[in-house]
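Reviewing the structure listed below.
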Amino acid sequence: MKSLSINSNQQQQRPKTCSNNVDGNHNNKEQLIRIIRLERDKLIQRLQYESAIFLSDKIIAINGMNINDGFIMIHCIYLSKQYQRAAHLLQQNRLHEMDVKCCCLLVKCLMKIKKYKKALTIIDSCLKTRFDDSKWRIPLFVLRSEAYESLDNRIDARQSLIQALEQNFLCYEAFYRITHHHMATKIEELDILYKLIIKSRSERSKLIRSFMTDFMIFFYYIQLKKYDKPDRLIIRKPFQLFAENVDFLIAQAERHFYNFDLIQTLEITSKLIEKDPHNFECLEIHISCLLSLERSIELFKLSQNLIDLYPEHEISWYSLGCYYHLIKKKEVSRRYLQKAVTLNNVFAPAWLLYGHSFSDDGEHDQVMATYFKASHLMPGCHLPLLYIGVEYARTENHKLGEKFIFTALTIAPEDPLVLHELSVTAFHSDELLKADRYLRQALRVLKYIENKDDIRIQYEPLFSNMGHIQRKLGRYNDAIEFFKKSLSLSPNNPSTYSSIGLVYCMLDKYSEAVDYLDHAYGLNRLFKRDDVTKDLLDDALKFYPDSLQLPPPAASSHSDLPDLNQKLSTWSDCDNRIDFARNLAKSSTSSSMANENLKQQNNNENNDDSILMIR
C-alpha cells in the first residue's frame with residue numbers, strides 16, 4: 001500500500017511539472033529573442049548588415065514574421081543592395097499592407113529595379129486609403145515624384161514635391177529636387193517659396209517661426225537659380241554662423257561662376273574640395289570652371305580619380321567628357337557625355353556640352369535633337385531653348401531663332417546673354433532699333449555689379465556689337481565709345497580696331513583711322529590673312545593727305561585722288577564688307593564670342609565653346 005501511495009503522489013505531481021516546463025521554455029524563448037535582438041542591433045550600428053540579416057532570420061524562425069523584425073531584416077537586405085530579394089520578401093509577407101514604413105521600403109526597392117509604374121500604384125494606394133501617419137506621407141510624395149520623373153512626367157513630379165513641402169516645410173530634399181532638376185523657372189521657384197513661407201508661418205508657433213522658418217528660408221533662397229542676373233549673397237546677422245558652411249560657399253561659387261568670375265570660383269571650389277573632395281555639387285561647378293579656364297591637366301587627373309572611385313555616377317563621365325572636349329577629341333567626348341546623361345537624364349551640364357560638341361562639327365540635326373531633348377527634360381532651364389535659337393540663327397533662319405530665344409527670355413528675363421542673342425537676330429534681320437533696344441537692356445542688367453568697372457571679358461561682345469549697331473544707325477561718336485569699352489575688355493581684338501578705324505573714316509578723321517587700321521592689320525597678321533582690313537587701310541591712306549591739309553597735288557596727279565562720291569562709296573562698301581565678315585564670324589560664334597577673343601589673345605585656333613560655360 002505504501003508503494004501505491006507513492007505512485008499516486010507522483011501521478012498527482014506530474015501536471016504541475018509540465019506546467020513549470022512550459023513556463024520555463026517560454027521565458028527562455030523570450031530571453032533568447034531579446035539577446036539575439038540586442039546583438040543584431042549592435043551589428044547594424046557597426047554596419048555589419050550580412051551578420052544582422054543572419055540573426056534577424058533566426059529571430060523570425062523562433063518568433064514568426066512580424067512587422068518590426070521583418071522590416072529590420074528586409075531593410076538590411078536593401079542596404080546590402082539586394083533589391084529584388086527585399087521587394088519579394090515584403091510582398092510575400094504582405095508587410096507593405098500592414099505598415100507604412102514597409103510600404104516606403106517596397107517602393108524604394110521597386111525604384112531601384114526600375115519598376116516605376118508598379119511603384120506608383122503602391123504609392124497611390126498607400127496615400128489614398130491605408131495609413132493616416134502624416135509624417136510618412138512626406139517620403140511617399142518624394143518617391144512618387146522620383147517615379148514620375150523617371151517616366152518623363154515632369155508636371156506631376158513637381159506637384160508631388162510641392163505636396164511634400166506643404167506637408168513639411170523642412171523637407172529640404174523636395175525643394176532641392178525642384179531647383180536642381182530644373183522643374184520650375186526662377187519666378188515659379190520664388191512663387192513656390194513665397195507660398196510655403198506664408199503657410200509655414202500661419203501654422204507654426206512664434207518660437208519656431210522666429211528660427212526654423214527663417215533658417216530654412218535662408219537655405220532655400222540660396223538654392224534658387226543664379227544664372228538670371230545673379231545677386232550678391234548677404235548673410236543677415238542671425239545666420240553669420242553659416243558663412244563658412246558648405247552649402248553657402250557652393251551657392252557663392254555658383255554666383256561667381258555665372259558672373260564669369262572664374263578665378264574666384266576656382267578658389268572657392270578648390271578650398272571646398274580640400275575639405276570634402278567628393279562633394280558632387282561642388283565638383284560639378286569645379287569641373288565646369290576647369291573646362292572654361294582650359295586647365296586640361298587638372299581636369300584629366302580629377303577625371304581619372306573620379307572614374308576609379310565613382311564609375312556609376314554621372315559626374316565622373318561628365319568630367320572625362322569635358323577633358324576630351326577640351327583637347328578636341330569630340331567623338332570620344334560625346335561617348336562619355338552620353339554615358340553621363342544615361343546615368344542621369346536630367347544632368348544639365350552634360351546635355352549642354354553634348355549638344356555643343358555636335359555644334360562644333362556642324363552636325364545641325366544632332367544638335368537640334370540634343371537641345372530639344374534637354375529642353376523637354378529641363379522645362380525650368382532656359383539654356384536649351386537659347387541654344388536652339390542660336391542654332392537656327394546659324395542656319396540663317398533668324399525669325400525662328402528669335403522665337404526660341406524669346407521663349408528663353410520669358411524664363412530668364414534678365415540674363416544679359418539671352419538679350420544679346422535677341423539683339424544679334426534682330427541685327428541680322430535689319431531691325432536695328434530693336435537690336436539697339438535689346439542690347440541696351442542687357443547693358444542695364446550689368447549695372448547691378450557692385451564695381452561697374454569689374455565687367456568680365458565674356459561680356460565684351462555686348463559692347464562690340466553695340467558699337468556696330470550705333471555705326472549702322474549713324475551714331476558714330478556713340479559707336480566709338482562702345483568700341484573703346486570693348487577694347488578695354490579685350491585689348492588685342494583686331495576686329496574692334498578695324499571697326500574703330502572705319503568709324504573714324506566715316507567721320508573724316510583719317511589720322512586716327514590709319515592708326516587703328518594699321519594696328520588691326522598688324523594684329524591680324526599674327527592670326528590670319530585679313531584682306532578687308534588691308535583694303536580699308538589702303539583706301540584710308542588715299543585720303544590721309546587731305547586730313548593733314550597738305551598742299552594740293554600737281555594737276556597731272558589730281559585725277560588719281562578719289563572724289564567725294566567715290567569716298568562715300570568706298571566707306572559704304574567697306575561697311576558692308578565688315579558686316580559681311582562679321583556675319584560669317586557671328587554665324588559660328590554668336591554664342592561663343594568671348595571665348596574666341598580669349599583664344600585670339602593666346603594665338604590659339606578659334607573654338608566654338610559656349611560662353612555660357614555649360615551652365
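Just so we're aligned, residue 1 is where the sequence shown starts under the UniProt record's numbering, counting upward by one.
Each residue gets a CB set at the ideal place from its N, CA and C atoms; glycine is no exception.
Check your understanding: Should L161 and I178 be called a contact, given that it needs their Cβ atoms to be closer than 8 Å?
Key -> yes
Presumed contact (8 Å Cβ cut-off) between V346 and L377, rounded CB distance: 5 Å
Open item on the list: By the three-class DSSP mapping on this structure, what secondary structure does S288 have?
Closed with: helix
What is the rounded straight-line gap between the Cα of Y516 and the Cα of K534?
12 Å
Report back the beta-carbon spacing between L290 and Y318 to the nearest angstrom; my notes put them in contact at under 8 Å. That belief does not hold up - the Cβ atoms of L290 and Y318 are roughly 12 Å apart, past 8 Å.
Apply the 10 Å Cβ neighbour rule to A369 and answer buried if 16 or more other Cβ atoms are within range, or exposed otherwise.
exposed
Discussion item. Using C-beta distances below 8 Å, list every residue in its chain close to N168, excluding the 5 sequence neighbours before and after it, in chain order.
Written reply: K135, I138
_Which same chain residues end up closer than 6 Å to I411 when comparing Cβ atoms and leaving out the 5 residues on each side of it in sequence?_
T185, H382
**Message:** Quick check: what's the CA-CA separation for P461 versus N524?
**Reply:** 18 Å
Using 10 angstroms around the beta-carbon of N28, count the other beta-carbons present and answer buried if the total reaches 16, otherwise exposed. exposed
Let me know the alpha helix (DSSP H) ranges lying completely inside the segment 113 to 197, each 4 residues or longer, listed in chain order.
-> 116 to 125, 137 to 150, 154 to 167, 172 to 180
Are the Cβ atoms of K118 and E166 separated by less than 8 Å?
no
What do you get for S556, buried or exposed, if any count of 16 or more other CB atoms within 10 angstroms of its CB means buried?
-> For S556, the pLDDT reaches just 37, beneath the cut-off of 50, and the residue's location in the model is therefore unreliable, leaving the point undetermined.
Worksheet item: Within this structure, are the beta carbons of residue 618 and I67 separated by less than 8 Å?
Response: A question about residue 618 goes unanswered here, because the residues of the chain that appear run from 1 up to 615.
Cutting at 8 Å between CB atoms, please list the residues of its own chain near D57, excluding the five before and the five after it. M73
Q. Distance, Cα to Cα, Q600 vs A520?
A. With a pLDDT of 39 at Q600, under the threshold of 50, the modelled position of this residue cannot be trusted; read the value that follows with caution. Those two C-alpha atoms are separated by around 13 Å.
Three-state secondary structure assigned by DSSP to D276
coil
Roughly how many angstroms lie between the CA atoms of S5 and S51, to the nearest whole one? For S5, the predicted structure reports a pLDDT of 42, less than 50, and the residue's modelled location is therefore unreliable. A value from the coordinates is still provided. In a straight line, the C-alpha of S5 is about 56 Å away from that of S51.
Output the distance between the C-alpha atoms of L502 and D538, rounded to the nearest integer angstrom.
-> 12 Å
For the structure I just gave you, are there three or more beta carbon pairs, one from the segment 59 to 66 and one from the segment 76 to 88, closer than 8 Å?
no
Assuming L106 contacts L90 under a Cβ cut-off of 8 Å, what Cβ separation, rounded to an integer in Å, is found between them? 4 Å
query: Is the segment 268 to 275 touching the segment 248 to 258 in the sense that three or more CB pairs, one from each, lie closer than 8 Å?
result: yes
| request: Return the first residue and the last residue of the alpha helix (DSSP H) that K329 is part of. | output: Taken as a continuous stretch (DSSP letters only), K329 belongs to no alpha helix (DSSP H), as it is neither H nor E.
Would a C-beta distance cut-off of 8 Å place A426 and H182 closer than the cut-off? no
- [ ] Taking Q91 as part of the alpha helix (DSSP H), name the residues at either end of that continuous run.
- [x] 83 to 92
Practice item. Since I believe S357 is in contact with R334 (beta carbons under 8 Å), could you give me their beta-carbon distance rounded to a whole number of angstroms? Key: 5 Å
Based on Cα-Cα distance, which residue from G474, S498, M466, L473 lies nearest to K485?
M466
*C-alpha gap between Y392 and K403, whole angstroms*: 10 Å
For chain C, is any of its Cβ atoms less than 8 Å away from the one on G389?
Of the protein chains in the structure, only one exists, and it is not chain C.
Legend entry - Sequence-distant residues of the same chain with beta carbon closer than 6 Å to F280, five excluded per side: I315
Is H428 helix, strand or coil when you go by DSSP? helix
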